[in-house]
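Residue numbers (my numbering), protein chains in the order written: chain D, 1 to 443; chain A, 444 to 886.
Structure (structure tokens):
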């Protein structure tokens, strides 16, 4: 019998180790995928794609053991050679090849020139060929940035006393209700896919006080816009013992700051590849919904059509206003109208037509919805009744309040939307590995 | 307009800060939920539940501003008082109350005595009253341990060059296929809930080389056992450029070691509350499937009924065998029969009836399935054809291999099962916040 005793030490070197190797006769072993080949006759430049970036390898007639005509783009190889300084190579180093072993070979030529710096193709084609288009260096860098955001969310919240939870995605009733739910049969019982972990994270405030979850949510909305996905990753937090919804805004500001620091520290390479300038997050202005509407109506001479809702165009103008007037990419729009918020939102005791809630706009796009929730059982069931809603399927949620809950609130952040705005992309699908929309169920 | 400028400093103290306060006349401010009240007449012990544990507060007639009869279990309060040394109190300190402010009050008495050390009730009742039963100190501690496992998985894999991915849970075809899929209508197209991120994580190996995901998976299996859930959290990894499936076993061993270290360091309190002795993870034995069957058949005089499958009882006996013979809680069972593994599993070139795959058993229960995958396009499509399977809905997955993939493999760990075995529980529902099984869709 064999033992598995911790990670096997690999003989092959990864990029950070390779870049530390000094020019010498020492042979090193490297694995990677052939990203591109430029054959000049007696020598050929073979660019290897590794998880940390590209490495220039040089094939030389008579010095490398494999004939260059046996090597092709898409091959996965294990090679050995020596490291040499070379100004014109990426990272200033190249690997002169002595041996090339082909580990696996593609069965067909690549359908996209993924070695181009920028993929010269439509979003539609990129998405249709997603497994291949993501192999482009810029395309994949986006998802390292996305990783950084999600990682920052968790790391920051651990440091603030939050507990991570995993709540079910199959449920019997949605938090916001109605037409935007995917429905299916669960062992002959009617079931839905959760559009938010809202009920569960509130329930868990009664247990752990501060909780978060990073997971998929599902919305059957018949929107086919550049901002909507029918499945996305939601970064959710919920916290007890708040004094006001400003505690939630402050926690989000703290998260955003932490994110920018983590990206600068750990994702500098990807920021550079993508040419991203990180937004300022020192302090974020809060403006009331009604005031925001008036400000943009005045400055941009736009008539207010509906005083109780924000149109996408208005969101963009609010973003523009705060960029122009305060040089700020972010703004919290607070006190949304009650009729536009779910029943569990806490109404403003000073004016019950509005709620103690907010959206965060980032460059004119809503990336977060949050606010204070009702914690009193009678207030909650009273509001439910005034809205003519049934308690059916919500008994357990409501009982949580019957047995006592602290004042609390929370928020949900759309990971893809936040990533999209950081990247400066204009379609949320650019920030989703495998988007699901009304027309797209594959790959 | 207001600014949100990072986390608001709270005046109230959390438990770690409180325990650092020396006995003095300094008044401190604390928030929490009234976990229990023991009223002795002139004084009353009011145990406050906070996210980090319990705090003994003492109400005294004439010294505390609120009458004790106005306080009840389940109240959320903000109190002030002074800290005093008290041997008999949890942590050796108590808070003598001067002021009590009730932030919120339950509408009904608690249906369970959650302040008991061990909830004296059936699993069924605990699950029915989950929002409340989780408020018990021991119940909630389990999910801190679960947090630790999931956190360790991510932290360890970041350190090993893995990239986190978020893959869709709505798909058009499952990795293992067939009857164990939940089906539904996605904008009038037939869709399924993914039973594994298998196809996507393999696709992403072509992009990032090493990837992981922590997310929900869905299985419509008609099992109603102590080991099955119809929705669970899967910890998945997939890695390229492996030499053999032993690279995967080694990575899992590394993860398990890291987990035990993290639990000891950051979750010592919960380990103590639950009386958990962590298992040894220095090295883990690997035994071939066929050999494992023979060993237990011989030692426990049990006839081998089916040479190509492991029954749950056999798994338990293998666990027992390796505990008795090697004092090991873990064992990798390797080289599972090909007919029991999905088409993408790499067959053993030395004997094609078996695969280069494994399960990890932890105290006799399968907690992981993994192995090397086929990376060659022709080998993969050939095996598909020999099994008489259709390519429909898998075109994109298969094309990934057509355009080149490195040798690779990976694994999936059931978070709830791993937690259950760490906790020494005998039902996986004890390690799931809100279990979904054939009969349970709520809460």
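Heads up, the beta-carbon is just placed ideally off N, CA and C, and yes, glycines get one too.
Since the model is a prediction, treat every value here as computed from it, not as a measurement.
For a Cβ distance threshold of 8 Å, nothing in chain D lies close to residue 748 of chain A: the least Cβ distance comes to about 24 Å.
In this structure residue 512 of chain A is exposed. Its beta-carbon is surrounded by fewer than 16 other beta-carbon atoms within 10 angstroms. When 7 Å is used as the limit between beta carbons, residue 442 of chain D is near these residues of chain A: 615 and 839, in chain order. With a beta-carbon spacing of about 6 Å, residue 694 of chain A and residue 7 of chain D fall inside the 8 Å limit used to define contacts. According to the DSSP assignment, residue 822 of chain A belongs to no beta strand (DSSP E) but to the alpha helix (DSSP H) extending over 820 to 829.
In the structure shown, residue 189 of chain D falls within a strand segment according to DSSP collapsed to helix, strand and coil. Taking a cut-off of 8 Å for Cβ pairs, the region 234 to 252 of chain D and the region 363 to 381 of chain D touch, as three or more such pairs fall below it.
The residue from D:80, D:413 and D:305 with its alpha-carbon nearest to that of residue 234 of chain D is D:413.
For residue 153 of chain D, the enclosing alpha helix (DSSP H) stretches over residues 137 to 159. For residue 312 of chain D, there is no enclosing beta strand (DSSP E); the enclosing alpha helix (DSSP H) covers residues 312 to 326. For residue 249 of chain D, the nearest CB of chain A lies under 9 Å from its own CB, placing it at the interface with that chain. Judged by beta-carbon spacing, residue 552 of chain A lies beyond the 9 Å limit of residue 495 of chain A, meaning their Cβ atoms are not closer than that value. Residue 210 of chain D and residue 236 of chain D have their C-alpha atoms spaced approximately 11 Å apart. Under DSSP, the beta-bridge partners assigned to residue 232 of chain D are D:217. Secondary structure note for residue 774 of chain A: its beta strand (DSSP E) is the uninterrupted segment 773 to 777. Apart from sequence neighbours up to five positions away, the residues of its chain that approach residue 101 of chain D with a beta-carbon distance below 6 Å are 78, ordered along the chain.
Contact annotation, residue 764 of chain A with residue 732 of chain A: C-beta distance approximately 14 Å; criterion of less than 8 Å not satisfied.
DSSP, reduced to helix, strand and coil, places residue 647 of chain A within a helical segment of the structure shown.
For the set D:218, D:220 and D:19, the Cα lying nearest the Cα of residue 93 of chain D is the one of D:19. Burial check for residue 813 of chain A: the Cβ neighbour count within 10 Å reaches 16 or more, so the residue is buried. When the Cα atoms are used, residue 223 of chain D and residue 438 of chain D turn out to be separated by approximately 8 Å.
Look at residue 152 of chain D: its C-beta is not under 9 Å from any C-beta on chain A.
Using a CB distance below 7 Å, the part of the region 815 to 829 of chain A facing chain D consists of 818, 819, 820 and 821, ordered along the chain. Residue 556 of chain A and residue 562 of chain A have their alpha carbons spaced roughly 7 Å apart. The beta carbon of residue 830 of chain A sits closer than 6 Å to the beta carbons of 786 from its chain, once the five residues preceding and following it are set aside; these are given in chain order. The C-beta of residue 230 of chain D comes closer than 9 Å to at least one C-beta of chain A. Assigned with DSSP and collapsed to three states, residue 447 of chain A falls in strand. At a beta-carbon threshold of 8 Å, the residues of chain D lying near residue 547 of chain A are 375, 376, 404, 405, 406 and 407, ordered along the chain. With 16 or more neighbouring CB atoms inside 10 Å of its own CB, residue 735 of chain A falls in the buried class. In this structure, residue 650 of chain A lies near residue 135 of chain D, with their beta-carbon atoms less than 9 Å apart. Within chain A, the residues whose beta carbon sits less than 7 Å from that of residue 31 of chain D are 684, listed in sequence order. For residue 603 of chain A, the C-beta contacts it makes with chain D under 9 Å involve 7, in order along the chain. Contact check for residue 443 of chain D and residue 130 of chain D: beta-carbon distance about 5 Å, within the 8 Å limit, so the pair qualifies. Scanning chain A for C-beta atoms nearer than 9 Å to the C-beta of residue 286 of chain D yields 444, 445, 446 and 447, reported in chain order. Using a Cβ distance threshold of 9 Å, residue 254 of chain D and residue 162 of chain D do not count as a contacting pair.
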